[in-house]
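Protein chains in written order, with our numbering: chain A, 1 to 116; chain B, 1 to 114.
Data block below; observations after.
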Amino acid sequence: DAGITQSPRHKVTETGTPVTLRCHQTENHRYMYWYRQDPGHGLRLIHYSYGVKDTDKGEVSDGYSVSRSKTEDFLLTLESATSSQTSVYFCAISEPLSRGGGPEAFFGQGTRLTVV
Amino acid sequence: DQQVKQNSPSLSVQEGRISILNCDYTNSMFDYFLWYKKYPAEGPTFLISISSIKDKNEDGRFTVFLNKSAKHLSLHIVPSQPGDSAVYFCAASNFGGATNKLIFGTGTLLAVQP
Chain A
1 DAGITQSPRH
11 KVTETGTPVT
21 LRCHQTENHR
31 YMYWYRQDPG
41 HGLRLIHYSY
51 GVKDTDKGEV
61 SDGYSVSRSK
71 TEDFLLTLES
81 ATSSQTSVYF
91 CAISEPLSRG
101 GGPEAFFGQG
111 TRLTVV
Chain B
1 DQQVKQNSPS
11 LSVQEGRISI
21 LNCDYTNSMF
31 DYFLWYKKYP
41 AEGPTFLISI
51 SSIKDKNEDG
61 RFTVFLNKSA
71 KHLSLHIVPS
81 QPGDSAVYFC
91 AASNFGGATN
101 KLIFGTGTLL
111 AVQP
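Dropping the structure here:
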């Protein structure tokens, strides 16, 4: 298994509160991603990082921000949580072709977030 | 605009028979296609991939077929086993691009009946 750890694994929070999810990898992979999984929508990309301090938006980025100050850590922040952000969040990592990577990404175990 | 589509939310097959999962895409720039398997309360795990320059890739019981002209791919599992029961996601990427972003379909729940 790829060395990816997500924390926390479960969280319940109240509407309007800030929440930060952490993804930690031990693989030294360059690319990191945050996805959310919702019924009927599959996995949708929120934000991704292509290097330390280099991040960009995915297809459902509104209400989310990210930071990557070290290769191994990628943080996802919900500045003011809403009920529509109740979801399962997955972190993923991959390597670029230039560093011998393949097309696949490796996923963490997920964080189940409930906003009440 | 959904670029990767899995039109069958669920599929049920008998143990030992063939499972065929389908996926369609719209973006002709995709150069790699992947299948992931996901069990409840776990992260998706990579199963098999295929380059756009090929039309078939096989790995044990799993074979992926790509029809570029129809923008369609399928995953065949032969023979199906109860342990194959899971949600299967199709994904596509522009692997030669800058970031390897994967675009996923909505998933198909496969139930293999003993």
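Quick reminder that beta carbons are idealized off the backbone N, C-alpha and C, glycines included.
Every value quoted in this text rests on a predicted model; they were computed, and no experiment measured them.
- Contacts with chain B (Cβ-Cβ distance below 8 Å) from the region 37-57 of chain A involve 40, 41, 42, 43, 44, 45, 48, 50 and 56, listed in chain order.
- The Cβ-Cβ distance between residue 110 of chain A and residue 89 of chain A falls below 8 Å.
- The beta carbon of residue 107 of chain B sits closer than 7 Å to the beta carbons of 6, 87, 88 and 89 from its chain, once the five residues preceding and following it are set aside; these are given in chain order.
- In this structure, residue 66 of chain A places its C-beta atom within 8 Å of the C-beta atom of residue 49 of chain A.
- Bounds of the beta strand (DSSP E) holding residue 22 of chain B are 19-25.
- Within the DSSP bridge table, the entry for residue 56 of chain B names B:65 as partners.
- According to the DSSP assignment, residue 92 of chain B belongs to the beta strand (DSSP E) that extends over 86-93.
- Only those residues of the region 97-113 of chain B whose C-beta falls short of 8 Å from the nearest C-beta of chain A are listed: 98, 99, 100, 101, 102, 103, 104, 105, 106 and 107.
- Using a 10 angstroms sphere on the CB of residue 60 of chain B, the tally of other CB atoms stays under 16, which defines it as exposed.
- For residue 44 of chain A, DSSP records a beta bridge to A:36.
- Contacts with chain A at 8 Å (Cβ-Cβ) do not include residue 58 of chain B.
- Per the C-alpha coordinates, the member of B:91, B:58 and B:72 positioned closest to residue 78 of chain B is B:58.
- By a beta-carbon distance limit of 8 Å, residue 56 of chain B does not contact residue 26 of chain B. Their separation comes to about 22 Å.
- Counting C-beta pairs closer than 8 Å gives fewer than three between the region 94-102 of chain A and the region 71-86 of chain A, which falls short of the contact rule.
- Residue 29 of chain A: not part of any beta strand (DSSP E); DSSP gives it neither H nor E.
- With fewer than 16 other CB atoms across the displayed protein chains lying within 10 angstroms of its CB, residue 83 of chain B is exposed.
- Residue-level contact check: residue 97 of chain A touches chain B, since one or more beta carbons of chain B fall below 8 Å from its beta carbon.
- Between the alpha carbons of residue 23 of chain B and residue 30 of chain B lies a distance of about 13 Å.
- Where residue 113 of chain B is concerned, the enclosing beta strand (DSSP E) starts and stops at 108-113.
- A Cβ of chain A is located within less than 8 Å of the beta carbon of residue 44 of chain B.
- Along the region 71-97 of chain B, going in chain order, the ones with a CB nearer than 7 Å to a CB of chain A are 89, 93, 95 and 96.
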